[in-house]
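Participant: Structure below; questions to follow.
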Ligand SMILES: *Cc1c(COP(=O)(O)O)cnc(C)c1O
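Numbering (our numbering), first residue to last: 74 to 416.
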C-alpha cells in the first residue's frame, strides 16, 4: 500500500504541541562506514535526532513537544518527572522548563551498578543543576513513582499546578512525538527516493519505538522497526511496546489491528543490567566516533548501534539493505561513563 503521510499528520494536529525542535532533523548516509567490506554493501543512514538544539539535545525533546502542549493546556506551572540519576529525559525536562519559565522538580534514583564520581556528579547531573531544576535524589530502594505522587500532592496543597510526566516521558501523548518523527522520516525517504528495509533504535521506556511504529502503521507504511531493549528484558519490553503502540494508535484514531509480529525487540545487547557497559557497546561507540565523527551514548545508542553492526555481520540484515539508525542523543551520558572507556 502506498503510504498516506497526510492522514497521519492530520491525526497528529488534533493534539496541542509546542515546537522545541528547529524543524526536521537530517537523515545522513554513513559513507565511510557503509563502504567497509565488512558492511556487505549495506547502506547505513542515520536520523540525527541528536541534532536538536535545546538543552544538549536528544529524543526526549520530541515527546516533550506534546507533553508541554498538554501541560500548558492544563495550566501547569511546574514540570515534574523521575528517572535514573543520569536520565536524559530529566535533563531535557529541566531545559524545557527553563526555556518556558516553568518550575521543574526532578526525582532521581541511584544506579545499583555505578556510583563513581563521574556518574554521580558529571553528565546529566551537572546539567540538571545548570538548568535550575530542584533535584530530589532518592536513596537506593526508594520508589520514585510513589515519591512523585506525594510531591505532586504537596505541591497542589501549596497552590502550585504540577504536571507529572512518567519515566522517559513515555505516556501515549508523549509518544506521539515519535509518530511525528515517523511522518518526517516518510517524507524524507520519499524526497531521497529511498526505501528503508529496517529502522533501528534503542528501546528504554518504549515510547519512542511505540510512537514510531504507531505512526508508520497509521500512515500505511510497513517498514520494519527493530528496537534493542536496554532497560527491560526482551520479553518485558515486547509486551510494554505492544501495549503502548496500541494506545498511541488509538490516540491517532486508528481502528487497524496491530499485528503481533509488527513489534520487534532484540534483547541481545542489554548486557547484565540497564546502564551496564558491554564490550560491544564500547566498540560500537568507538567505531561510530572514529569512522564518522559521530557520538552515541553508552546507555542507549551505543548498544543499539552495536546491535546494528552485529546484524550486518551475522547476515541477519541481508547484503545491500538500506538501514536507518535513529540517533537518539544522550551525549552528556558519555561524560558520566569516563571510567568505562578507560583503557
Ligand atoms: C530515553 C532514551 C532512549 C529510549 O527512548 P524510550 O522512548 O525511553 O524507549 C534512547 N536514547 C536515549 C539517548 C534516551 O535518552
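The beta carbon of each residue, even a glycine, is placed where N, CA and C say it ideally should be.
Quick caveat: nothing in here was measured; it's all calculated off a predicted structure.
Does DSSP classify residue 95 as helix, strand or coil?
Facilitator: By one-based count along the chain shown, residue 95 stands at place 22. Three-state result, residue 95: coil.
Participant: Tell me whether the beta-carbon of residue 242 lies closer than 8 Å to the beta-carbon of residue 103.
Facilitator: Taking the first residue of the chain shown as position 1, residue 242 is located at position 169. Taking the first residue of the chain shown as position 1, residue 103 is located at position 30. No, Cβ-Cβ distance for residue 242 and residue 103 is not below 8 Å.
Participant: Quick one: what does DSSP say residue 193 is sitting in, helix, strand or coil?
Facilitator: Your numbering for residue 193 matches position 120 in the chain shown. In the structure shown, residue 193 sits in a helix (DSSP, three-state: H, G or I).
Participant: Of all the options 360, 213, 367 and 365, which has the alpha carbon lying nearest to the alpha carbon of residue 438?
Facilitator: Nothing about residue 438 can be read from this structure; the chain reaches only from 74 to 416.
Participant: May I ask you to report which of helix, strand or coil DSSP gives residue 398?
Facilitator: The residue given as residue 398 occupies position 325 in the chain shown. Reduced to three states, the DSSP call for residue 398 is strand.
Participant: Please determine whether the Cβ atom of residue 401 lies at a distance below 7 Å from any heavy atom of ligand 1.
Facilitator: The residue you call residue 401 lines up with position 328 of the chain shown. Residue 401: yes, Cβ under 7 Å from ligand 1.
Participant: Would the C-beta of residue 279 count as close to ligand 1, meaning under 7 Å from any of its heavy atoms?
Facilitator: Mapped onto the chain shown, residue 279 falls at position 206. Residue 279 Cβ: within cutoff of ligand 1.
Participant: For residue 316, report the span of its alpha helix (DSSP H) as first-last.
Facilitator: Taking the chain shown and counting its residues from 1, one reaches residue 316 at position 243. 307-324 is the span of the alpha helix (DSSP H), which, as asked, contains residue 316.
Participant: Since residue 197 contacts residue 406 with CB under 8 Å, what's their CB separation in whole angstroms?
Facilitator: As a first step, residue 197 is located in the chain shown; it is residue number 124 there, counting from the start. As a first step, residue 406 is located in the chain shown; it is residue number 333 there, counting from the start. With a Cβ gap of about 6 Å, residue 197 and residue 406 count as contacting.
Participant: Please report the distance separating the alpha-carbon of residue 274 from that of residue 158.
Facilitator: Within the chain shown, the letter at position 201 stands for residue 274. Within the chain shown, the letter at position 85 stands for residue 158. Whole-angstrom Cα-Cα distance: 22 Å.
Participant: Mind reading off the beta-carbon distance from residue 306 to residue 282? Whole number of angstroms is fine, and I expect it under 8 Å.
Facilitator: The residue given as residue 306 occupies position 233 in the chain shown. The residue given as residue 282 occupies position 209 in the chain shown. Not really, about 15 Å apart at Cβ, beyond 8 Å.
Participant: Quick check on the DSSP output: what are the complete beta strand (DSSP E) runs of length 3 or more inside the segment 139-219, in order along the chain?
Facilitator: Fully enclosed beta strand (DSSP E) runs of 3 or longer: 151-157, 176-182 and 207-210.
Participant: Measuring straight from C-alpha to C-alpha, what distance separates residue 175 and residue 222?
Facilitator: Your numbering for residue 175 matches position 102 in the chain shown. Your numbering for residue 222 matches position 149 in the chain shown. Rounded to whole angstroms, residue 175 to residue 222 spans 19 Å at the Cα level.
Participant: Less than 8 Å between the beta carbons of residue 351 and residue 342, yes or no?
Facilitator: The residue you call residue 351 lines up with position 278 of the chain shown. The residue you call residue 342 lines up with position 269 of the chain shown. For residue 351 and residue 342, yes; Cβs fall inside 8 Å.
Participant: Measure the C-alpha to C-alpha separation of residue 233 and residue 91 and round it to an integer number of angstroms.
Facilitator: The residue you call residue 233 lines up with position 160 of the chain shown. The residue you call residue 91 lines up with position 18 of the chain shown. Approximately 22 Å, taken between the alpha carbons.
Participant: Just mark residue 371 as buried or exposed, buried being the case when its beta carbon has 16 or more other beta carbons within 10 Å.
Facilitator: Within the chain shown, the letter at position 298 stands for residue 371. Label assigned to residue 371: buried.
Participant: From what residue to what residue does the beta strand (DSSP E) around residue 416 run?
Facilitator: The residue given as residue 416 occupies position 343 in the chain shown. Note, residue 416: premise wrong, no beta strand (DSSP E); not H, not E.
Participant: Report whether the distance from the Cβ of residue 197 to the nearest heavy atom of ligand 1 is below 7 Å.
Facilitator: Along the chain shown, read from residue 1 onward, the residue named residue 197 stands at position 124. Residue 197 Cβ: outside cutoff for every heavy atom of ligand 1.
Participant: Given that a residue counts as buried once 16 or more other Cβ atoms are within 10 Å of its Cβ, and exposed if not, what is residue 165?
Facilitator: In the chain shown, counting from the first residue as 1, residue 165 sits at position 92. It is buried - the Cβ of residue 165 has at least 16 other Cβ atoms within 10 Å.
Participant: What are the partner residues of residue 388, as DSSP defines its beta bridges?
Facilitator: If you number the chain shown from 1, residue 388 lands on position 315. Residue 388 pairs with nothing; no bridge assigned.
Participant: Hey, could you find the ends of the alpha helix (DSSP H) residue 343 is sitting in?
Facilitator: Within the chain shown, the letter at position 270 stands for residue 343. Premise fails: residue 343 is in no alpha helix (DSSP H) and is neither H nor E.
Participant: Distance check for residue 321 and residue 423, CA to CA, integer angstroms please.
Facilitator: There is no way to answer for residue 423, as the model of the chain reaches only from 74 to 416.
Participant: Would you tell me roughly how many angstroms separate the C-alpha atoms of residue 401 and residue 210, rounded to the nearest one?
Facilitator: For the purposes of this step, residue 401 is taken as the residue at position 328 of the chain shown. For the purposes of this step, residue 210 is taken as the residue at position 137 of the chain shown. Each residue's Cα considered, the two are about 25 Å apart.
Participant: Using only the alpha-carbon positions, how far apart do residue 396 and residue 301 sit?
Facilitator: Here residue 396 is taken as the residue at index 323 of the chain shown, counted from 1. Here residue 301 is taken as the residue at index 228 of the chain shown, counted from 1. Their Cα atoms are separated by approximately 14 Å.
Participant: What first and last residue would you give for the alpha helix (DSSP H) that runs through residue 291?
Facilitator: On the chain shown, residue 291 is found 218 positions in, with the first residue counted as 1. Element bounds for residue 291: 280-291.
Participant: Would you say the beta carbon of residue 395 is closer than 7 Å to some non-hydrogen atom of ligand 1?
Facilitator: The residue labelled residue 395 in the question sits at position 322 within the chain shown. No, the Cβ of residue 395 stays beyond 7 Å of every heavy atom of ligand 1.
Participant: Going by the C-beta, is residue 116 closer than 7 Å to any heavy atom of ligand 1?
Facilitator: On the chain shown, position 43 is the one that residue 116 refers to. Every heavy atom of ligand 1 is 7 Å or more from the Cβ of residue 116, so no.
Participant: Of all the alpha helix (DSSP H) runs that stay within the bounds of the segment 90-137, which reach a length of 4 or more residues?
Facilitator: Qualifying alpha helix (DSSP H) stretches, in chain order: 104-108.
Participant: Would you list the one or two residues that DSSP bridges to residue 337?
Facilitator: If you number the chain shown from 1, residue 337 lands on position 264. Paired residue(s): 299.
Participant: What's the C-alpha gap between residue 86 and residue 149?
Facilitator: The residue labelled residue 86 in the question sits at position 13 within the chain shown. The residue labelled residue 149 in the question sits at position 76 within the chain shown. Cα to Cα, residue 86 sits roughly 21 Å from residue 149.
Participant: Can you give me the Cβ contacts of residue 389 inside the same chain, cut-off strictly under 7 Å, excluding the 5 residues immediately before and after it?
Facilitator: Here the question's residue 389 lines up with position 316 in the chain shown. None.
Participant: Looking at chain C, is there any beta carbon in it that lies within less than 8 Å of the beta carbon of residue 355?
Facilitator: Looking for chain C here will not work: only one protein chain is present.
Participant: When the distance is taken between beta carbons, is residue 336 closer than 8 Å to residue 419?
Facilitator: Absent from the structure is residue 419, since the part of the chain shown begins at 74 and ends at 416.
Participant: Out of 309, 213, 182 and 127, which has the shortest C-alpha to C-alpha gap to residue 169?
Facilitator: The sequence position of residue 169 within the chain shown is 96, counting from 1. With distances taken between Cα atoms, residue 169 lies closest to 127.
Participant: Out of curiosity, what's the CA-to-CA distance linking residue 110 and residue 271?
Facilitator: The residue labelled residue 110 in the question sits at position 37 within the chain shown. The residue labelled residue 271 in the question sits at position 198 within the chain shown. Looking at the two C-alpha atoms, the distance is approximately 20 Å.
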